[in-house]
Structure formats: C-alpha cells, structure tokens
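Heads up: the structure comes next, in structure tokens.
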Amino acid sequence: MNPLATAGDSEFRFAAENTLGKLVRWLRLLGFDTLYLARPDPEGLLRMCGNGRLVLTRTRRVAARLPAGRALLIKPDAPRQQVRQVVRQLGLSRARVRLFSRCLQCNTLVVPIERGSVLGRVPDYVWHSQAAFATCPDCGRIYWPGSHLRHSQEIMETFFAP
Ligand SMILES: [Zn+2]
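Residue numbers (our numbering): 41 to 202.
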C-alpha cells in the first residue's frame with residue numbers, strides 16, 4: 041500500500057517549499073489547502089508534518105529527513121506536470137476539486153460578496169459582465185469566475201486525464 045495514501049478519504053493538506061510557487065498556485069486554484077514556505081527550515085518542515093501536512097519538495101535530501109510518507113518528492117520541472125504528479129501519486133479525485141474556492145495569494149477560503157459592494161473595486165466591464173463575486177477575508181482580493189474559469193477547467197481536465 042502506498043504510505044502516502046493513508047489519509048484515506050480525509051482531505052490532503054500540503055506545505056510546499058519555495059521552489060514550487062506555481063504548483064502552490066495550482067493546488068490552491070483547485071481548492072487544496074496549501075501553504076507556501078518562503079524559507080523552509082528543517083524544524084519548520086517537521087512542524088508542518090506534525091500538523092498533518094504533506095510536504096512537497098524538490099530536494100531528495102529534504103524528503104529523506106522527514107518521517108516516512110510525510111513528504112512527496114516532486115520530479116518534473118514543468119508546473120503542470122508537477123500538479124499531475126501530485127494528482128496521480130496521491131490518487132486525488134476530481135470530485136475533491138473546488139475550483140476558485142481559495143485565495144491564490146494567501147490560501148484562505150474565499151467567501152461570496154454582494155455584487156453591489158464591489159462596484160468601483162473591480163473594472164467596470166467585469167462588474168457589468170459578472171453575476172457573482174467572492175472575496176478573501178484576509179487580503180481583500182476580489183475574485184470572479186470570468187473567462188479564466190473555462191480555461192482553468194480545460195487545464196484541470198488534463199491533470200485528471202488517464
Ligand atoms: Zn487573500
């Protein structure tokens with residue numbers, strides 16, 4: 041049995057080292073709780089494991105120092121291939137994806153916000169063309185599905201394609 045799969049049906053939570061910025065962005069976009077470690081130190085990484093996070097690293101040495109099954113060594117260079125590795129190796133299912141449910145900047149779950157209250161805070165054409173908005177309670181960024189939703193969905197399909 042793959043030791044990385046012992047989380048069973050529970051949610052996977054990640055902590056990624058600083059070389060994996062684009063992977064972090066993608067995992068957040070898919071809705072997975074993913075911390076970005078700007079300055080990963082051995083103790084910090086261990087703490088992440090203790091908190092139930094799976095550490096994503098590109099360094100074999102780092103992975104080897106962490107408890108068995110608590111680190112995933114990311115091999116591809118291309119970010120989309122990195123996402124594909126995580127999806128495949130952990131057996132993440134498409135059903136777990138919550139596209140655009142998290143702030144890409146700070147990992148916080150976004151919340152719906154009244155359309156009227158974002159008038160003047162987003163470009164006019166966006167306000168006129170979009171029906172629903174969400175905001176990050178931490179940084180205040182405003183999100184809307186927009187045209188990038190379909191684009192992201194198309195890319196997402198490639199992650200889960202056999
Ligand atoms: Zn935010």
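Glycine included, each C-beta is placed from N, C-alpha and C at the ideal position. All of these numbers come straight from a predicted model, not from anything done at the bench.
Of all the options the options, which has the alpha carbon lying nearest to the alpha carbon of residue i?
i	options	result
ARG93	GLN170, LEU106, ASN58 and GLN129	LEU106
TYR165	GLY131, GLY180, GLY186 and GLU154	GLY186
ASP81	ALA103, ARG128 and SER192	ALA103
THR175	VAL126, LEU144 and GLN193	LEU144
GLN193	PRO163, ALA56, ARG79 and LEU69	LEU69
LEU189	TRP66, VAL95, LYS62 and PRO119	TRP66
Measure the CB-CB distance between residue i and residue j and report whether it falls below 9 Å.
i	j	result
GLN72	ARG142	The sequence shown places Phe at residue 72, not Gln. Against a cut-off of 9 Å, the Cβ pair of ARG142 and PHE72 comes out as a contact.
ALA172	PRO152	yes
VAL127	LEU96	no
TYR183	PHE140	yes
Check the C-beta distance from residue i over to residue j and give it rounded, since I have them as a contact under 8 Å.
i	j	result
LEU60	GLN129	With a Cβ gap of about 15 Å, LEU60 and GLN129 do not count as contacting.
| Just checking, does the region 78-98 make contact with the region 107-127 on the three C-beta pairs under 8 Å criterion? | Touching, per the Cβ criterion.
| query | Is the region 168-182 in contact with the region 137-150, if contact means three or more CB pairs nearer than 8 Å? | reply | Contact holds: three or more Cβ-Cβ distances are below 8 Å.
| query | Is the region 152-159 in contact with the region 133-140, if contact means three or more CB pairs nearer than 8 Å? | reply | Because the criterion of three Cβ pairs below 8 Å is not met, the region 152-159 and the region 133-140 do not touch.
| request: Please list, following the chain, all residues that have a C-beta closer than 6 Å to any non-hydrogen atom of ligand 1. | output: Output, sorted by chain position: CYS143, GLN145, CYS146, THR148, CYS176, ASP178, CYS179 and ARG181.
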